[in-house]
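Number of protein chains: 2
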Amino acid sequence: MSKVENTSFEDCLQRLMSSLEASLYEEATTQLASLHSAEIARLLEAIPPKDRTQLWLNIDTGTQGDILKDLSEDVRTQLLSEMEVDAIVKATEGLDMDDLADVIPNLPESALHNLLLTLDHKHREYLKRVLSYPQDTAGGLMNIDIITVRDDVSVRTVIRYLRLLKEMPIDTDQIFVVDHDYQYIGAIHISILLTHEAEQNIAPLINKDLRPIPVDTTEKKVADLFEQRDLISAPVVDSNNQLIGRITIDDVVDVIREHAEQSVMSMAGLDGEEDVFAPAMQSVKRRSIWLGVNLITVFIAVFFIGLFEATLQEKIALAILMPVVASMGGIAGTQTLILVTRGISTGRVTTSNLKVLMSREVAIGVLNGIIWALVIGVATYVWFADAILSAIIALAIIANLIFAAFSGAFLPLLLVRFKIDPALAGGVILTTITDVIGFVAFLGLASLVI
Amino acid sequence: MSKVENTSFEDCLQRLMSSLEASLYEEATTQLASLHSAEIARLLEAIPPKDRTQLWLNIDTGTQGDILKDLSEDVRTQLLSEMEVDAIVKATEGLDMDDLADVIPNLPESALHNLLLTLDHKHREYLKRVLSYPQDTAGGLMNIDIITVRDDVSVRTVIRYLRLLKEMPIDTDQIFVVDHDYQYIGAIHISILLTHEAEQNIAPLINKDLRPIPVDTTEKKVADLFEQRDLISAPVVDSNNQLIGRITIDDVVDVIREHAEQSVMSMAGLDGEEDVFAPAMQSVKRRSIWLGVNLITVFIAVFFIGLFEATLQEKIALAILMPVVASMGGIAGTQTLILVTRGISTGRVTTSNLKVLMSREVAIGVLNGIIWALVIGVATYVWFADAILSAIIALAIIANLIFAAFSGAFLPLLLVRFKIDPALAGGVILTTITDVIGFVAFLGLASLVI
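Protein chains in written order, with UniProt numbering: chain A, 1 to 450; chain B, 1 to 450.
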């Protein structure tokens, strides 16, 4: 993957690492000078914290601001904690308002206070407003750099107005039309202004299909909307339908990427923002929670093995083979679980089609159960030359795979009902179930027969 | 998650399911009529194949085309296979060229042939060109709807030209500047045309920092570029720097989403395009590969248990507790593995910083090992009141957690070197390693002492 594709970035990193290993910090700083702020951010995330700090303090404050907004939270917090209050204020005062709003939650109290003093009234009010919305809603994603016009003017008037402005906010693909009360009416893509005659009135050019996004919409839903409708930017309105800002695709792309990373990371109980070079103690603390949860579940599973101590004593081959039954159930169940969890998060699976889904998954479980029961039964016979043992493991496999399919389909919807993220908790609960069922089915059957 | 956020979609699905259960296909079709094609696509993916076909054949061919481009590959192939050749041609002939290029790989041969006959020479040539690039490269992502101008004209001339065109291709945020040989020079954001005086020559307005994307760039790298540079669209050039098309963010968003889904799905050996309602037999076949791989690995692990049959016979508590050692190693190793795999795919982890990373992970492994060895040692003593058994399991846990950290950090880079996707194969190989180390350390130590 990375080998071929990130060659240039990898080269940068390699050069940087050799400079740092030789403690040539000035040379390292020079290497960064020609790079884009997003690339510098990635490089900083790819080096150990000690070198990171050294390098960071050599970068000029103007560039620091741009880099800060591209850093992941963990690394950003680390670097901010190494800076003087004055330096933080200097670095952040040049940022766009919406980027500033992203950085603010990580600022130390004193720096935040001083920073607010440097802003003029209008910007301070704006910042207060943006910060009043939860970060993971449309309000937290939006910026207020919008251009608005009334609906009773001509194309010429609009263009004259735009020329007076001298430049448009970055990524402006449309201007918004509002009434006298700043109520949102519709949007006009700026390409429309360029392709229509100057005398034309704008009223018939307004796109009224672009529905505004309510300010309290969750960022996940905003991302879905952008993706489904192929939006570049969209207006945001408050509860009175007054236009208060717009969301642009670049911020939505960050949301999509973060959610995607989070869902992979949470499968191992990790935080999506985790710094690869965070201090070991910090990581030990974070990861321990997950190891602790797992320990509880595995002790539940082995408690059930303990119930069959006498049976195990009788036939030690059972102890050798029991991981096979548990493991196959775990894998089959996880396949169903991931498919259904992903279906839920994309909206394709709900309670209304659960029944159909469930019967399909159980059918797959039955078929898979029979196939693998045969394979494992034969393998067991070859190893232990014990027909009864073969029959027992085959039956246990069928039982566990059917139950695994059932649990894998049912569990995510149950968790969602209790407002628990199935991507986080699903895997660990499911494998506990398949372990217990696997051990009980296998050892329980054996205790009846032997 | 979905409960609150997709209320309206969920309602649609519920109404649709009840109509379908009552076999009211006409009513169901009417329910779809007012929806956006992307929403219809999602609904079709959320219902069983039989109903899907019924509903599909009731939708008019104009809408079918738009829906086709939004469907996942599995469902698209299913629906296309149910259609007559003529109907396919009718449904697809209205599509934009780049959407058509996406659909074509799923078309039956005969439909493709007839479809090509309906296109004029220019479009046929275009389609041939687009199809000549691999789908997962810049060439496969791009479309050719671009507006180009020369660099020696005024803003007025450009606007006059645009008014002649009457409309711009969808999502045009910039026009491209080329020389007499169609070599790419730079781009002008269309907002620039609106904010500058008509007499102004465009030469100084050209943004030469927007570097063109070579046509053979992988789609993953294209997505990284868009994300890092916050691009809305970008020019694509061939190996002679001639401008041949542009990539727009909406297609890049699809790539980001697909890659994200793929990486979650591949952790359970699933295909990212898998239809939640695919025929059971098809899913059994697909999932069997993964179950088969797992069976081999688990037999490797239990083979090692088999080596200690005599020791197990001596002390059956070992059999009861051995899953604890294996499982804790598996979880700890997976945490490292996922962190490093994600670091590799974002470019933050390479061979140049592997040494630092490795020592950090092993340090975490040692710390975690000591902590959990104590906890598990005490728990074991409480359960079995056997000090030697406690000491054995504690040492085995420390050994397995250290080795798990080492393997979790090392394995992904090793797999990448052999061009194997670590997200797909990493987990299964790693847990085999931690299982084997766990069983051997625990039972091996026991066989020495007991």
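Yeah, the Cβ is synthetic: ideal placement off N, Cα and C, and Gly gets one too.
- When DSSP assignments are scanned along the stretch 215-255 of chain A, the uninterrupted stretches of alpha helix (DSSP H) that are 4 or more residues long and fall wholly within it turn out to be 219-229.
- Nearest C-alpha to E109/A among D421/A, R42/A, Q135/A, V89/A: V89/A.
- Secondary structure of H189/B (DSSP, three-state): strand.
- One finds I320 in chain B with Cβ atoms closer than 7 angstroms to the Cβ of G306/A, taken in chain order.
- Here F176/B carries a strand assignment [DSSP, helix/strand/coil].
- Contacts between M328/A and chain B, judged by CB atoms closer than 8 angstroms, involve L291, N294, L295, V298 in chain order.
- Interface annotation, M97/B: not in contact with chain A, CB-CB separation never under 9 angstroms.
- Assignment of T137/A by DSSP, reduced to helix, strand and coil, places it in the strand class.
- Under DSSP, Q183/A takes part in a beta bridge, and its partners are Q242/A.
- With contacts defined as CB atoms closer than 9 angstroms, V103/A and S327/B fail to qualify as a contacting pair.
- Judged by DSSP secondary structure, G444/B falls within the alpha helix (DSSP H) whose first and last residues are 422-449.
- In the DSSP annotation of this structure, the continuous segment of the alpha helix (DSSP H) that includes K69/B starts and ends at 61-70.
- Closer than 9 angstroms to the CB of S283/A there is at least one CB belonging to chain B.
- With a threshold of 9 angstroms between beta carbons, L357/B makes contact with chain A.
- Here D421/A really is in contact with S266/A; their C-beta atoms are around 7 angstroms apart, less than 8 angstroms.
- DSSP, read as helix, strand or coil, puts V149/B in strand.
- Beta-bridge pairing by DSSP links N201/B to S154/B.
- The C-beta of V149/A comes no closer than 9 angstroms to any C-beta of chain B.
- If you draw a straight line from the Cα of S263/B to the Cα of G347/B, it is about 16 angstroms long.
- Around G245/A, the same chain offers M142, N143, I144, I146, V236 as residues with beta carbons nearer than 7 angstroms, after the five sequence neighbours per side are excluded.
- DSSP places H36/A outside any alpha helix (DSSP H), giving it a letter other than H or E.
- In the pairwise beta carbon analysis, the stretch 320-336 of chain A is classified as touching the stretch 436-443 of chain A: at least three pairs are separated by under 8 angstroms.
- Contact annotation, L411/A with G426/A: C-beta distance approximately 6 angstroms; criterion of less than 8 angstroms satisfied.
- Judged by DSSP in its simplified three-state form, I213/B adopts strand.
- Ranked by Cα distance from L79/B, the options L100/B, H189/B, D99/B, K50/B are led by K50/B.
- The C-beta of I433/B has 16 or more other C-beta atoms within 10 Å across all chains shown, which makes the residue buried.
- Taking the Cα positions, T311/B is about 6 angstroms away from S447/B.
- Judged by DSSP secondary structure, G306/B falls within the alpha helix (DSSP H) whose first and last residues are 280-306.
- Excluding sequence positions up to five before and after E199/B, its CB lies within less than 8 angstroms of the CB of S154, V155, R156, all in the same chain and listed in chain order.
- Looking at the DSSP output, N207/A shares a beta bridge with A187/A.
- Counting of Cβ neighbours within 10 angstroms places T118/A among the exposed residues, the total staying below 16.
- Burial is judged here by how many other beta carbons sit within 10 angstroms of a residue's own beta carbon; R52/B has at least 16 and is buried.
- Per the DSSP secondary-structure output, N143/A pairs in a beta bridge with R246/A.
- G62/B sits exposed, since fewer than 16 C-beta atoms from the chains shown fall within 10 Å of its C-beta.
- DSSP, read as helix, strand or coil, puts E93/B in coil.
- The way I'd put it, the stretch 353-367 of chain B doesn't touch the stretch 333-352 of chain A; fewer than three beta-carbon pairs between them come closer than 8 angstroms.
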